[in-house]
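Read in full-length UniProt numbering, the sequence shown has 44 at position 44, and its numbers run on one by one without any break. Idealized CB from N, CA, C, for every residue including glycine. All of these numbers come straight from a predicted model, not from anything done at the bench. Here's the structure, in structure tokens; my notes come after.
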Amino acid sequence: MSTSSDDNPSPLAPVRRVITGHTRDGKAIVLRDEVQQPVYWNPEQKNPTYDIHRSTETPARLDEEIVGDGVWPDKVQGTRNIVEPNGSVGRSHDFAPGFVVPMHRTYSLDYGVVMKGEITMILDDGARVVLKEGDIVVQRGTIHEWRNETNEWGRMIFVCLPSEKIVVDGKTQEDGFIDN
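Below, the structure is given as structure tokens:
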């Protein structure tokens with residue numbers, strides 16, 4: 001993954017994340033308030049992704065900044081997992097006009113919210129659903145692709161939770177990108 005933002009072509013507003021936590025006496029505080037740097041999943045891709053938050057265990061541990069050395073570990077740094085096998089991931093994706101994320105499956109329960117534009121979800125049975133601003137999709141480990149079929153940029157926010165593997169008629173369904 002590349003983290004260079006020098007050539008970020010997205011005209012959408014930068015993604016700002018605000019992370020709250022606790023002081024040692026239990027008061028609420030802001031741990032981070034910052035604009036996230038975009039990440040590009042491969043060098044030729046010009047569609048920024050922003051990792052917002054990541055937990056590595058369930059239930060999530062929410063006291064890391066008040067135990068041990070008193071430092072909150074930002075677990076989005078240096079991580080390439082699309083799904084955390086024992087935790088959660090919050091992520092924002094920008095979709096350039098005409099951009100396609102090919103057919104794929106992850107072992108995860110994903111909540112996706114269209115924040116800007118229109119994004120088309122296509123399932124492996126050919127079903128097409130156009131999602132508009134404010135629409136929410138619950139992606140339950142199915143084979144799908146995302147397409148921006150408009151002339152405008154789009155943005156979706158995802159929360160990804162790990163799931164059991166999908167088994168159909170005793171056969172475990174493969175995850176990853178699907179060859180057509």
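Under DSSP, residue 95 forms a beta bridge with 154. Counting along the chain, no beta strand (DSSP E) covers residue 169, and no H or E run does either. For residue 146, DSSP records a beta bridge to 101 and 121. Going by DSSP, residue 163 is part of no beta strand (DSSP E) at all; its letter is neither H nor E. In the assembly as shown, residue 91 is a buried residue. Its beta-carbon has 16 or more other beta-carbons within 10 Å. Bounds of the beta strand (DSSP E) holding residue 132 are 128–132.
The Cβ atoms of residue 95 and residue 134 do not sit closer than 7 Å to each other. Of the residues 14, 98 and 33, the one whose Cα lies closest to the Cα of residue 147 is 98. With respect to the 7 Å criterion, residue 109 and residue 119 are not classified as neighbours on the basis of their beta carbons.
Its chain contains 113 as the residues whose beta carbon lies nearer than 6 Å to that of residue 136, once the 5 sequence neighbours on both sides are disregarded; these appear in chain order. Judged by DSSP in its simplified three-state form, residue 34 adopts strand. Look at residue 178 here: in three-state DSSP terms it is coil, with no helix or strand label. Separation of residue 177 and residue 84 (C-alpha to C-alpha, rounded to the nearest whole angstrom) is 17 Å. Listed in chain order, the non-local C-beta contacts of residue 161 below 7 Å within the same chain comprise 88, 108 and 109, local neighbours out to five positions each way being set aside. Assignment of residue 82 by DSSP, reduced to helix, strand and coil, places it in the coil class.
Rounded to the nearest whole angstrom, the C-alpha separation of residue 170 and residue 71 is 46 Å.
Around the C-beta of residue 39, 16 or more other C-beta atoms lie within 10 Å, and the residue is accordingly described as buried. Shortest Cα-Cα distance from residue 138 to any of 86, 157, 21 and 30 involves 157.
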